[in-house]
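Student: For any residue, its number in the numbering used here is found by taking its place in the sequence shown, counting from 1, and adding 104.
To start, I am sharing the structure in question, which I have written as structure tokens.
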Amino acid sequence: MKRLKKIFFLSLSLSLLGLGLLAFISFLSLKALPDSLSQLLDQGDRIQILDRLGEPLSQTYQNPWNNHDLVKLHQVPSFLKSAFILSEDKRFYEHQGIDWQARLAALWVNIRHLSALRGASTISEQVVRLIHPRPRTLWSRWLEGFEA
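This is the structure in structure tokens:
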């Protein structure tokens, strides 16, 4: 009985140490988000459109023949905002950046089919991915969740 207790506490200690180390490494890997949209826009004049695998589909440059106008959020009709939110993140107003219910459902579907059929990125995580592009890995998803 004494030996079982010792093994249990050793396992618990190692697990907590591992979680602490993971949290510390995650914290060190986070990048600062810009304070304003203007800082983000000053990073360059190229707009790149990627497919779901991160491959470039198209890129555009700001020039006299290719104009893009920024639209203030209050200028976007409310039905369009609602449509975007509904199509991208149904529980947007119910979570704090990570939709754990969607994550678990996507994990279940992907495990059952042994393939990445379903994703679970929230709008917040997609914004982080646009601001800080990273390779599409589990580690990147982990960090995006923290930054969201």
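Every residue, glycine too, gets a C-beta built ideally from N, C-alpha and C.
Note that this is a predicted model, so its numbers are computed, not measured.
Assuming contact is defined by CB atoms lying nearer than 8 Å, are residue 201 and residue 226 in contact in what I supplied?
Tutor: As a first step, residue 201 must be located in the sequence shown, where it is residue number 97. As a first step, residue 226 must be located in the sequence shown, where it is residue number 122. It is a contact, given that the beta carbons lie within the stated cut-off.
Student: Using DSSP's beta-bridge definition, name the partner residues of residue 153.
Tutor: Residue numbering aside, residue 153 sits at position 49 when the sequence shown is read from its first letter. Looking at the DSSP assignment, residue 153 forms a beta bridge with 162.
Student: Go ahead and label residue 193 buried or exposed: buried means 16 or more other beta carbons lie within 10 angstroms of its beta carbon, across all protein chains shown.
Tutor: Within the sequence shown, the letter at position 89 stands for residue 193. When all chains shown are included, residue 193 counts as buried.
Student: Using the rule of at least 16 other Cβ atoms within 10 Å of the residue's Cβ for burial, across every protein chain shown, is residue 232 buried or exposed?
Tutor: Mapped onto the sequence shown, residue 232 falls at position 128. So residue 232 counts as buried.
Student: Hey, quick one: how far does the alpha helix (DSSP H) through residue 174 stretch, first residue to last?
Tutor: In the sequence shown, residue 174 corresponds to position 70, counting from 1. Neither: residue 174 is in no alpha helix (DSSP H) and is coded neither H nor E.
Student: Does DSSP classify residue 223 as helix, strand or coil?
Tutor: Working through the sequence shown from its first residue, we reach residue 223 at position 119. Here residue 223 sits in coil by DSSP.
Student: Mark residue 159 as exposed unless 16 or more other C-beta atoms lie within 10 angstroms of its C-beta, in which case mark it buried.
Tutor: Along the sequence shown, one-based indexing puts residue 159 at 55. Residue 159 comes out exposed.
Student: Would the beta-carbon of residue 133 fall within 8 Å of that of residue 234?
Tutor: In the sequence shown, residue 133 corresponds to position 29, counting from 1. In the sequence shown, residue 234 corresponds to position 130, counting from 1. No, the Cβ-Cβ distance between residue 133 and residue 234 is not below 8 Å.
Student: Give me the residue from 198, 136, 181, 209 with the minimum Cα distance to residue 49.
Tutor: There is simply no residue 49 to check, as the chain begins at 105 and stops at 252 in what is shown.
Student: I'd like to check one pair, residue 224 with residue 203: are the Cβ atoms closer than 8 Å?
Tutor: Along the sequence shown, one-based indexing puts residue 203 at 99. Along the sequence shown, one-based indexing puts residue 224 at 120. Cβ atoms of residue 203 and residue 224: closer than 8 Å.
Student: Quick check: the Cα distance between residue 245 and residue 229, rounded to an integer number of angstroms?
Tutor: Within the sequence shown, residue 245 is the residue found at index 141, counting from 1. Within the sequence shown, residue 229 is the residue found at index 125, counting from 1. Near 8 Å, if we compare the C-alpha coordinates of residue 229 and residue 245.
Student: Report yes if the CB atom of residue 222 is closer than 8 Å to the CB atom of residue 210, and no otherwise.
Tutor: Here the question's residue 222 lines up with position 118 in the sequence shown. Here the question's residue 210 lines up with position 106 in the sequence shown. A contact, by the Cβ cut-off of 8 Å.
Student: With DSSP run on the structure shown, which of helix, strand or coil describes residue 233?
Tutor: Numbered from 1 along the sequence shown, position 129 holds the residue referred to as residue 233. In the structure shown, residue 233 sits in a helix (DSSP, three-state: H, G or I).
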